[in-house]
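2 protein chains.
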Amino acid sequence: MTETHLHGPVLILGTGLLGASVGLGLSRLGVDVLLSDPSPTAQAIAQDIGAGRILGGGEDDAAALQPQLVVVAAPPDVAAAVVADALRTYPEATVVDIASVKASILAALRQAADAGEIAPGDLSRYVGTHPMAGREKSGPAAARGELFTAMPWVVCAHADASPAAVRTAADLGADLGATVVRMDAAEHDAAVALVSHFPQIASSLLASRLMNAPAHALSLAGNGLRDTTRIAASDPRLWIQILSHNAPEVVKILHGLREDLNRLIATLEDPGADGALLDLAKLMEEGNAGQARIPGKHGSPPRAFAVVTVIVDDRPGQIARLLADVGEAGVNLEDLRMDHSSGHQVGMVELSVLPGRSEELTQYLSDRQWKVIQ
Amino acid sequence: MTETHLHGPVLILGTGLLGASVGLGLSRLGVDVLLSDPSPTAQAIAQDIGAGRILGGGEDDAAALQPQLVVVAAPPDVAAAVVADALRTYPEATVVDIASVKASILAALRQAADAGEIAPGDLSRYVGTHPMAGREKSGPAAARGELFTAMPWVVCAHADASPAAVRTAADLGADLGATVVRMDAAEHDAAVALVSHFPQIASSLLASRLMNAPAHALSLAGNGLRDTTRIAASDPRLWIQILSHNAPEVVKILHGLREDLNRLIATLEDPGADGALLDLAKLMEEGNAGQARIPGKHGSPPRAFAVVTVIVDDRPGQIARLLADVGEAGVNLEDLRMDHSSGHQVGMVELSVLPGRSEELTQYLSDRQWKVIQ
Numbered sequence: 048m049t050e051t052h053l054h055g056p057v058l059i060l061g062t063g064l065l066g067a068s069v070g071l072g073l074s075r076l077g078v079d080v081l082l083s084d085p086s087p088t089a090q091a092i093a094q095d096i097g098a099g100r101i102l103g104g105g106e107d108d109a110a111a112l113q114p115q116l117v118v119v120a121a122p123p124d125v126a127a128a129v130v131a132d133a134l135r136t137y138p139e140a141t142v143v144d145i146a147s148v149k150a151s152i153l154a155a156l157r158q159a160a161d162a163g164e165i166a167p168g169d170l171s172r173y174v175g176t177h178p179m180a181g182r183e184k185s186g187p188a189a190a191r192g193e194l195f196t197a198m199p200w201v202v203c204a205h206a207d208a209s210p211a212a213v214r215t216a217a218d219l220g221a222d223l224g225a226t227v228v229r230m231d232a233a234e235h236d237a238a239v240a241l242v243s244h245f246p247q248i249a250s251s252l253l254a255s256r257l258m259n260a261p262a263h264a265l266s267l268a269g270n271g272l273r274d275t276t277r278i279a280a281s282d283p284r285l286w287i288q289i290l291s292h293n294a295p296e297v298v299k300i301l302h303g304l305r306e307d308l309n310r311l312i313a314t315l316e317d318p319g320a321d322g323a324l325l326d327l328a329k330l331m332e333e334g335n336a337g338q339a340r341i342p343g344k345h346g347s348p349p350r351a352f353a354v355v356t357v358i359v360d361d362r363p364g365q366i367a368r369l370l371a372d373v374g375e376a377g378v379n380l381e382d383l384r385m386d387h388s389s390g391h392q393v394g395m396v397e398l399s400v401l402p403g404r405s406e407e408l409t410q411y412l413s414d415r416q417w418k419v420i421q
Numbered sequence: 048m049t050e051t052h053l054h055g056p057v058l059i060l061g062t063g064l065l066g067a068s069v070g071l072g073l074s075r076l077g078v079d080v081l082l083s084d085p086s087p088t089a090q091a092i093a094q095d096i097g098a099g100r101i102l103g104g105g106e107d108d109a110a111a112l113q114p115q116l117v118v119v120a121a122p123p124d125v126a127a128a129v130v131a132d133a134l135r136t137y138p139e140a141t142v143v144d145i146a147s148v149k150a151s152i153l154a155a156l157r158q159a160a161d162a163g164e165i166a167p168g169d170l171s172r173y174v175g176t177h178p179m180a181g182r183e184k185s186g187p188a189a190a191r192g193e194l195f196t197a198m199p200w201v202v203c204a205h206a207d208a209s210p211a212a213v214r215t216a217a218d219l220g221a222d223l224g225a226t227v228v229r230m231d232a233a234e235h236d237a238a239v240a241l242v243s244h245f246p247q248i249a250s251s252l253l254a255s256r257l258m259n260a261p262a263h264a265l266s267l268a269g270n271g272l273r274d275t276t277r278i279a280a281s282d283p284r285l286w287i288q289i290l291s292h293n294a295p296e297v298v299k300i301l302h303g304l305r306e307d308l309n310r311l312i313a314t315l316e317d318p319g320a321d322g323a324l325l326d327l328a329k330l331m332e333e334g335n336a337g338q339a340r341i342p343g344k345h346g347s348p349p350r351a352f353a354v355v356t357v358i359v360d361d362r363p364g365q366i367a368r369l370l371a372d373v374g375e376a377g378v379n380l381e382d383l384r385m386d387h388s389s390g391h392q393v394g395m396v397e398l399s400v401l402p403g404r405s406e407e408l409t410q411y412l413s414d415r416q417w418k419v420i421q
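Residue numbers (the working numbering), protein chains in the order written: chain A, 48 to 421; chain B, 48 to 421.
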């Protein structure tokens, strides 16, 4: 059993995908986890998959529970109320929430303190956190204890938070294998508006233009369209809450987008005008510059990998055979993409490797009769 | 040697990435290919890599050449002039261009016919085509004969084109292993505006907002941001030409985007207003619906694959070992993604398989000690 920072017990309020995943991850580490959810079904499933045991569900005296930590895994629009309730009910516990917006929840808790709904000192035990992880499925049945492995876990300390509570919040992320990142609630909300909420909006706006597209147009779709629209398949219910709770930060970015879009439309309405091509060049170059700033794998500085492209038949085992040869070549794979194309039973596999290793890999694979496009 | 439809000789005007790739692909099939480029260096490199032999470069009498087909692989802004010149110089040849916009080139050629710069009948020998293929590199040194394999090759017949010329244009795509798709120039330009030019613009507009982002915000970037901005790294020089030549079609789509964006900004400026959440839900659901219409691999109807996620250490050979086990399980891999996360030396590999096969694969891999998140 791995050594943990948390000693428990840990109470999880809300046993959807994320809450149940937290419970599973902690339970496997030997931490005593209690579960509670407004839905009896959700909490029963969470217990069945091993995420912990239902609060008050048998031998325990729920009222006597003194959790070290309460994890509020409720949707953004009820998170603040559940946190306030937990602060009142468990006067010794650190209480964290894991919702994807932070400033609106902290503001609601400050209001609750001002209104006397929670004691003035209670706020010192609250810390907002945000694990940057998710799945395309939802609900406790989709929960996985490894969901947070190697993902950022943002811990948002605030002026009234006690150092002990902040440490406990960080311990939760660390115990679950995540990478703890510290920033305040405002910084967090501005950051996720830019790197998460804005791409979601852009992808949804882009994909929605395809609704009435003729089928022959869609038959020409390539990886560019597929990549840019993949997240447009996300769950509307969750995103409505996220976007409405972080609206001021998102709107700031959308104002910038609107300015750029207006300029671009004016340019393309008269592409023969003086300076039009220069305007287009500027848009494209700004896109180049912004894209180049996104960090690479493992938080390393952005780095261009060398891409070795291999043509494979679409038969079971072909990709495996190729990857086995790559492994034997002793070259580490930094990334892999399969190229989807229409109407043919062959495809391309793009292998990304460190720039210095591509010649060697190309030679090795060519020697083994692979059709390589370096 | 594979049997070809074309008998040649084929003259390629323009030996950049695409022209040289056409030459390489045809030369390997045994077709006699001649090369010409305004840049002596580019044409020499193309000859050196085996794309064909330089026109007039030795034993041949360039003036006596009677090509079956002339392939104009010049940039969009000079393509029409080069086509017109080829129609005059080679009065028996079919002439195709492979630029990524089609209506503006056809219109320029009609003007040339009206102005008497080409003979009235010459237009019957011209057919516009567009191979939907490319690489992140450019120039003849990056050329690959397999570049067009399994990719769509759009053939745009027009009212004055002879059936024989259209057939020759289609033969070119077929000989290079591409999938021939027929539509007229206007349909083509509207289609690529939507599935290629618009995603490029959306990605560039999105990425350009990252230019001045704080580094701590970018450290939270996940696959959503990476996917939506990948094509923002594209070459500005080429895209300036493409966008300016297809401006009317692109502008139509951008007007629709602007309407949606204005509505969204108004909604997010007052997210507490009546109907605001419904508006957000509508945007997200339209995005869902549009994304679901994009055809899957091999042109099949869009289909949700089951995703089996496996956690792997970031060591050479791990992915290969995993894929070897997938191959042994006898389950065909429809897609594979590696999940990039920051700061950790482990990663996730997402294996997409037919929905009915995921349980079996999960069992097989779990039995072999892989950490599987189904």
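No residue lacks a Cβ here, since even glycine has one placed at the ideal position from N, Cα and C. Predicted model only: the values in this text are computed from it and were never measured.
Check: Contact residues within the segment 239-259 of chain A, judged by C-beta distance below 8 Å to chain B; Outcome: V239, L241, V242, S243, F245, P246, Q247, I248, A249, S250, S251, L252, L253, A254, S255, R256, L257, M258
Check: Check whether A:F195 and A:A225 have beta carbons under 8 Å apart; Outcome: yes
Check: Beta carbon of A:I312 nearer than 8 Å to that of B:L241; Outcome: no
Check: 6 Å CB neighbourhood of B:D169 in its chain, flanking five on each side removed; Outcome: L134
Check: Backbone secondary structure at B:E397 - three-state DSSP; Outcome: strand
Check: Below-8 Å beta-carbon distance, B:A154 vs any chain A residue; Outcome: no
Check: Minimum Cβ-Cβ distance from B:D382 to chain A less than 8 Å; Outcome: yes
Check: Limits of the alpha helix (DSSP H) - the one that B:Y173 falls within; Outcome: Counting along the chain, B:Y173 falls outside any alpha helix (DSSP H), though it belongs to the beta strand (DSSP E) covering 173-178.
Check: Beta-carbon proximity list for B:T141, same chain, < 6 Å, skipping 5 on both sides; Outcome: L116, R172, A212, T215
Check: The segment 356-370 of chain A: positions lying closer than 9 Å to chain B by Cβ; Outcome: T356, I358, D361, R362, P363, G364, Q365, I366, A367, R368, L369, L370
Check: Contact set between B:R157 and chain A, taken where Cβ atoms lie within less than 9 Å; Outcome: Chain A residues near B:R157: none, gap ~19 Å exceeds 9 Å.
Check: Cβ pair count under 8 Å reaching 3, the segment 182-194 of chain A against the segment 69-89 of chain A; Outcome: yes
Check: Extent of the continuous beta strand (DSSP E) run through A:S291; Outcome: Note, A:S291: premise wrong, no beta strand (DSSP E); alpha helix (DSSP H) at 283-292.
Check: Inter-residue CB distance, B:M198 and B:A217 (contact presumed, cutoff 8 Å); Outcome: 14 Å between Cβ atoms; not a contact.
Check: Inter-residue spacing [alpha-carbon to alpha-carbon] between B:I145 and B:A262; Outcome: 42 Å
Check: Alpha-carbon to alpha-carbon, B:S68 and B:L19; Outcome: A question about residue 19 of chain B goes unanswered here, because the residues of chain B that appear run from 48 up to 421.
Check: Amino acids of chain A, ordered along the chain, whose beta-carbon sits closer than 7 Å to that of B:E193; Outcome: I358, K418, I420
Check: Three-way DSSP call (helix, strand, coil) for B:R100 in this model; Outcome: strand
Check: Beta-carbon proximity check, B:L267 vs A:I341, cutoff 8 Å; Outcome: no
Check: Within 8 Å, strictly: CB atoms of B:L398 and B:V357; Outcome: yes
Check: Cβ of A:E406 within 8 Å of any chain B Cβ; Outcome: no
Check: Run of the alpha helix (DSSP H) containing A:K329, from where it starts to where it stops; Outcome: 323-339
Check: DSSP three-state assignment for A:N123, whether helix, strand or coil; Outcome: The displayed chain sequence assigns Pro, not Asn, to residue 123 of chain A. DSSP places A:P123 in helix when its eight states are reduced to three.
Check: Distance CB(B:L156)-CB(B:V130) smaller than 8 Å; Outcome: yes
Check: Cβ neighbour criterion (16 or more within 10 Å) applied to B:P348; Outcome: Here B:P348 scores only 47 on pLDDT, less than 50, and its place in the model should not be relied on; the value that follows carries that caveat. Under this definition B:P348 is an exposed residue.
Check: C-beta contact flag for B:L383 and A:L412 at 8 Å; Outcome: no
Check: Collapsed DSSP secondary structure at A:S209 in the structure displayed; Outcome: coil
Check: Within-8 Å CB hit, A:L290 to chain B; Outcome: yes
Check: Chain-order list of residues whose beta-carbon lies under 8 Å from that of A:A159 (same chain, five-residue window excluded); Outcome: A127, A131, I165
Check: Test item: CB-CB of A:L253 and A:A280 under 8 Å; Outcome: no
Check: Interface flag, B:P85 vs chain A, CB-CB below 8 Å; Outcome: no
Check: Any C-beta of chain A under 8 Å from that of B:L272; Outcome: yes
Check: Neighbour-count burial assignment, B:G192, 16 or more Cβ in a 10 Å radius; Outcome: buried
Check: Inter-residue spacing [alpha-carbon to alpha-carbon] between B:K299 and B:A320; Outcome: 31 Å
Check: is_contact[B:A221, chain A] using C-beta, thresh 8 Å; Outcome: no
Check: Counterpart residues of A:I358 in DSSP-defined beta bridges; Outcome: A:M395, A:K418
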